[in-house]
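A quick write-up on the structure given underneath.
Protein chains: 2
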Amino acid sequence: MISRTSPSKIVLLIIDGLGGLPHPETGKTELESAKKPNLNRIARDSLCGLIDPVSPGITPGSAPGHLAIFGYDPVQYHIGRGVLEALGIDLELKPHDIAARGNFCTVDDKGIITHRRAGRISTDRNTVLCRLLSNITVEGAEISVLPVKEHRFVLILRGEGLSPELGDSDPQQIGQAPKKIEALSPQAQKTADIANEFVSRARNLLQGKTPANMVLLRGFSRRPHIPSISEIYKLKPAAIATYPMYRGLARLAGMKVLPGGESITDQLNGLHRHYAKYDFFFIHYKSTDARGEDGDFPAKVQAIEELDEALPGLLSLDPDVLIITGDHSTPATLAMHSWHPVPFMLKSKWCRPDDVTEFSERACLAGGMGRFPATEIMPLAMANALKLDKFGA
Amino acid sequence: MISRTSPSKIVLLIIDGLGGLPHPETGKTELESAKKPNLNRIARDSLCGLIDPVSPGITPGSAPGHLAIFGYDPVQYHIGRGVLEALGIDLELKPHDIAARGNFCTVDDKGIITHRRAGRISTDRNTVLCRLLSNITVEGAEISVLPVKEHRFVLILRGEGLSPELGDSDPQQIGQAPKKIEALSPQAQKTADIANEFVSRARNLLQGKTPANMVLLRGFSRRPHIPSISEIYKLKPAAIATYPMYRGLARLAGMKVLPGGESITDQLNGLHRHYAKYDFFFIHYKSTDARGEDGDFPAKVQAIEELDEALPGLLSLDPDVLIITGDHSTPATLAMHSWHPVPFMLKSKWCRPDDVTEFSERACLAGGMGRFPATEIMPLAMANALKLDKFGA
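Chains as they are written, first to last, in our numbering: chain A, 3 to 395; chain B, 3 to 395.
Okay, structure coming up:
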């Protein structure tokens, strides 16, 4: 490896769902509409561009979007639905734990699914039912059932010789019975038997608890082995994120998860407190994505403006390398993640600035990086931090 | 796969040989010289860019140029010369048929080639001679000899246990004797023997038929297995092309070939008639390439203008995704296919438009896609048609 340690510091700010689409009336995107003097000032001194998190046309989930920026091929390092759900409740999975995403659902007298989300029962009710299901014991695995939100839960199977190569019980539509969980390889048969036994006991325990009288399981998976950022880049990495799923993704990549706080100001205060102890910081800003998913254009604009106002708290540290980008686009007009490339900028003493004077989708297109794969960000960050040796003689 | 079906429609218009080079006097390319108000208006609302059909510097034949746009790696899916010639006469090859491109040629008393194209005999004469050669029977294969144009024909060998791994008999130069066809692998020996026997019998039958007194064979090949567009993208694809070779390429990719008509207006009328029944349409416009190959700059400009005038017939359908590009460049100044990247635009409700206001080589360079591989077009088309699910959790 050509990485080397040095005192320089890298700060990576991921603005979730940053990219957008033009408002039909103004023709301007959320980022183009926002007042953002700080972001624009940084852009003037930065190397700018647009990233493709996975590849053109592909809409990334949160996991591939982040892993790509952290330098991992998002197609090679696949995070299963069960593992992601576990990360989302700050659960530290052991390497051999099998996690599945669970739904409480409603079935009729004949066992046919009539509601896949049990009418979205309350999280309190969910918690009570998960406690009930946690009493289930099946030989061969230690079983945990942990509530998430509304109808969602995580099932964890822990034990020797288990395998995640299992099909779903969730047919993903109503009008059918839950499927029997199938072993997708011979060595997964034991785990399939355990999972099916769990479902059968759960059905019995939930009888009469309508609307939550049955469970659906999908996305059986195990934490992938990901070489840590310290191994690859010889960095001491830390993460400051308010949402559990992003803390979980950071933990997967080997980052130390620092206390997050509630607001971006809290997060930046945390950065100041821990600045001396680490040399790589991932800061996650969530509101932009949430407002985009709501389809609320003005609220997403406001979320960008709030971030911009907080930025002096970051700039005062004058990190050697500052990167600001997003994990994917979440245009308010689409109200969902999208495939559009995401604005990117990197400021360092050693970047070669371009003519971009505004941080926006259109302006970054003319930036020095042009359009490029997100997996190229980490080598670029390392180079600008003077933490990479020459390649070859 | 993350493709899903939906009612949205994709129209892909390929303007053959679209890209050009500046005229020495005006400094403007064919596309820049043409009056094309409709193409320019579409460009204003589109995501623009420049495609590399294969890779920078590589001049594509028609097959790789089209396959790349259809989403297939043109290096992996190689179409042999023989197969291409068969596609060019609307021949439906069976999966195991072996096709070779044939030339009638002239040899002297000693069997040395004096003219590789037999003085370009007429197509009528070719047809008579092919009928003569079709009488040849060799044990082990059913033989068909089909006229193409002037001195060109297709040889088809059909039978059990045949192999296309054969060398050429055509030395591609005069002053030599035709080569013996060699088996390039042990299992091709039987086929080599059959092919050599065919050549020997053809020589006998053609004695005295000077200038067409011998045949040359090259490009023995078999139809490659290409997963169909319906398999990969869950689309119902159709093609409207006036030239047989493009209909053949569309058929290879699993498209339904619709009646073409003579002019682009006929083709667009066909599109209207069949619009309800398919959700992906490939329309092929040939004249631009033909005029470029002629080296006729003004005629290529005029071909572009004719297309532009016909476009309202396409725009009236308001397809959910409209893509306009070319399979390669054919600059009139070069009078041949070239390696230059090709203008591209994609219009949809969900594309992120850029600042491009003209459809031309120079203008598209500043487009939102920049320069990109043609194989990325299909995922982009699918995304804009909202026919792709999110990748990863």
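For each residue, glycine too, the CB sits at the ideal point set by N, CA and C.
The structure presented is a predicted model; accordingly, all values stated were derived computationally and were not measured.
Residue-level contact to chain B via CB, residue i, 8 Å cutoff
i	result
E363 (chain A)	yes
H80 (chain A)	yes
P58 (chain A)	yes
T139 (chain A)	no
R118 (chain A)	no
L86 (chain A)	yes
A65 (chain A)	yes
P375 (chain A)	no
T332 (chain A)	no
I61 (chain A)	A small correction: the amino acid at residue 61 (chain A) is Thr; Ile does not occupy that position in the sequence shown. Judged by the 8 Å Cβ criterion, T61 (chain A) is in contact with chain B.
R83 (chain A)	yes
H406 (chain A)	Limits of chain A in this structure are 3 at one end and 395 at the other, which puts residue 406 (chain A) out of reach.
P76 (chain A)	yes
G294 (chain A)	no
Option nearest residue i by Cα separation, candidates the options
i	options	result
E141 (chain A)	A:V130, A:G163 and A:C132	A:G163
G63 (chain A)	A:Q304, A:S331 and A:A383	A:S331
D170 (chain B)	B:D92, B:I326, B:S223 and B:R364	B:S223
K236 (chain B)	B:F393, B:L89, B:M384 and B:K37	B:M384
P229 (chain B)	B:T244, B:A252 and B:I266	B:A252
I145 (chain B)	B:I196, B:E32 and B:E152	B:I196
V130 (chain B)	B:H274, B:L207, B:Q191 and B:S57	B:L207
I266 (chain A)	A:K238, A:L20 and A:L316	A:L316
I183 (chain B)	B:Q191, B:P26 and B:I176	B:Q191
A368 (chain A)	A:C50, A:L23, A:I17 and A:L15	A:C50
N128 (chain B)	B:I12, B:K112, B:E152 and B:D291	B:E152
Y277 (chain A)	A:D310, A:L319, A:A312 and A:D268	A:L319
I91 (chain B)	B:E199, B:L186, B:L148 and B:I4	B:L148
Q209 (chain A)	A:V109, A:T290, A:E94 and A:L33	A:V109
Q175 (chain B)	B:L159, B:V201, B:S202 and B:L218	B:L218
P97 (chain A)	A:Y79, A:P226, A:E363 and A:A312	A:P226
A243 (chain A)	A:K279, A:S289, A:R220 and A:R43	A:S289
Simplified DSSP state of residue i, which is helix, strand or coil
i	result
S362 (chain B)	coil
H286 (chain B)	strand
D47 (chain B)	coil
T335 (chain A)	coil
H276 (chain A)	helix
I266 (chain B)	helix
P24 (chain A)	coil
K192 (chain A)	helix
A383 (chain B)	helix
L207 (chain B)	helix
L254 (chain B)	helix
C353 (chain B)	coil
I71 (chain A)	helix
R122 (chain B)	coil
D110 (chain B)	coil
A243 (chain A)	strand
G294 (chain B)	helix
R103 (chain B)	strand
Closer than 8 Å to chain A by CB, residue i
i	result
P345 (chain B)	no
R43 (chain B)	no
A385 (chain B)	yes
Boundaries of the alpha helix (DSSP H) in which residue i is found, first to last residue
i	result
V85 (chain A)	R83 to L89
R133 (chain A)	T125 to L135
G315 (chain A)	P314 to L317
L219 (chain B)	Note, L219 (chain B): premise wrong, no alpha helix (DSSP H); beta strand (DSSP E) at M216 to S223.
L159 (chain B)	Unbroken run through L159 (chain B) is the beta strand (DSSP E), R154 to R160; no alpha helix (DSSP H).
L324 (chain B)	First-last for L324 (chain B): V323 to T327, but that is the beta strand (DSSP E), not the alpha helix (DSSP H).
I231 (chain A)	I231 to Y235
L14 (chain B)	That residue, L14 (chain B), is in no alpha helix (DSSP H); its beta strand (DSSP E) goes I12 to I17.
L33 (chain A)	E32 to S35
Where the beta strand (DSSP E) through residue i begins and ends
i	result
H117 (chain B)	I115 to H117
S146 (chain A)	E144 to P149
P375 (chain B)	G372 to P375
>> Check whether the stretch 202-214 of chain A and the stretch 252-263 of chain A are in contact - that is, three or more C-beta pairs closer than 8 Å.
In response: no
> Is it true that the stretch 64-71 of chain B meets the stretch 376-390 of chain B, where meeting means three or more beta-carbon pairs spaced less than 8 Å apart?
Replying inline: yes
> Three or more C-beta pairs closer than 8 Å, one from the stretch 33-41 of chain B and one from the stretch 350-357 of chain B: is that the case here?
Replying inline: no
>> Would you call the stretch 292-309 of chain B in contact with the stretch 117-128 of chain B, where contact means no fewer than 3 C-beta pairs closer than 8 Å?
In response: no
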